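Colleague:
Residue numbers (this note's numbering): 205 to 361.
1) What would DSSP say about residue 302, mapped onto helix, strand or coil?
2) So is residue 352 buried or exposed if we call it buried at 16+ other beta carbons inside 10 Å?
3) Let me know the secondary structure DSSP gives residue 323 once reduced to three states.
4) Cα-Cα, which of 350, 326, 341 is closest to residue 264?
5) Which same chain residues end up closer than 7 Å to residue 341 when comparing Cβ atoms and leaving out the 5 residues on each side of it in sequence?
6) Would you call the CB atoms of residue 252 and residue 337 closer than 8 Å?
7) Ends of the alpha helix (DSSP H) at residue 363?
8) Would you call residue 304 buried or exposed, if buried means 16 or more other Cβ atoms sit within 10 Å of its Cβ?
9) Helix, strand or coil for residue 245, going by three-state DSSP, please let me know.
10) Go through its chain and collect everything with a Cβ distance to residue 315's Cβ below 6 Å, but skip five positions before and after it.
11) Check each candidate in 273, 335, 281, 240 and name the one with the smallest Cα separation from residue 318.
12) To the nearest angstrom, report how far apart residue 294 and residue 302 are at their CA atoms.
13) State the Cα-Cα distance for the pair residue 346 and residue 269, rounded to the nearest angstrom.
14) Closest to residue 266 by CA distance: which of 297, 311, 237 is it?
15) With a threshold of 16 other CB atoms inside 10 Å of the CB of residue 312, please say whether the residue is buried or exposed.
16) Rounding to the nearest angstrom, what Cα-Cα distance links residue 256 and residue 298 in this structure?
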């Protein structure tokens with residue numbers, strides 16, 4: 205078993221999401237429910253997908269779906285934040301342009317970390333699949349989901 209992965213069937217986990225999504229919690233529950241539905245829909249689109257994690261760019265977990273332990277959810281959020289910061293700095297310094305996403309190929313699977321380009325919240329989406337996954341499909345699904353999450357969060361404004 206891969207470290208941080210849990211055996212139970214995929215399920216969403218709320219981690220103080222309302223406070224982390226916005227200082228104004230009016231309507232926060234509906235936004236979280238819509239984001240939760242999007243994460244679970246993402247899991248359903250790719251059979252090899254094992255987790256999807258929504259976090260703030262400062263490394264705080266908001267929502268997670270899939271087979272992550274509670275401890276792993278917090279670690280994924282922290283690492284996603286670090287990858288975003290490094291990716292943004294690298295894109296700015298080498299290409300003079302904006303960061304979009306990072307892909308990681310590991311022995312046991314693939315990971316994509318993408319910025320959720322909301323004008324209202326600074327969020328990151330991390331998704332991971334097992335070794336049976338396809339990077340192009342994972343990336344496409346992750347970016348589509350990041351766009352959907354952006355619409356959900358910005359619509360709540």
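For every residue, glycine included, the Cβ atom is placed at its ideal position computed from N, Cα and C. Just so we're clear, the structure is a prediction, and the values are computed from it rather than from any experiment.
Modeller: Reading off the structure:
1) Reduced to three states, the DSSP call for residue 302 is coil.
2) Buried.
3) Correct three-state label for residue 323: coil.
4) Selected option, being the one with the closest Cα: 326.
5) Non-local C-beta neighbours of residue 341 in its own chain, meaning closer than 7 Å and more than five positions away in sequence, comprise 250, ordered along the chain.
6) Taking 8 Å as the Cβ cut-off, residue 252 and residue 337 qualify as a contacting pair.
7) Coverage of the chain is limited to positions 205 through 361, which leaves residue 363 absent and any answer about it impossible.
8) Here residue 304 is exposed. Its C-beta has fewer than 16 other C-beta atoms within 10 Å.
9) Residue 245 falls in the helix class under three-state DSSP.
10) Excluding positions up to five away in sequence, the list reads 308, 332.
11) For the set 273, 335, 281, 240, the Cα lying nearest the Cα of residue 318 is the one of 281.
12) About 10 Å.
13) Approximately 13 Å, taken between the alpha carbons.
14) The residue with the shortest Cα to Cα distance from residue 266 is 237.
15) Residue 312 should be labelled exposed.
16) The alpha-carbon of residue 256 is positioned some 29 Å away from that of residue 298.
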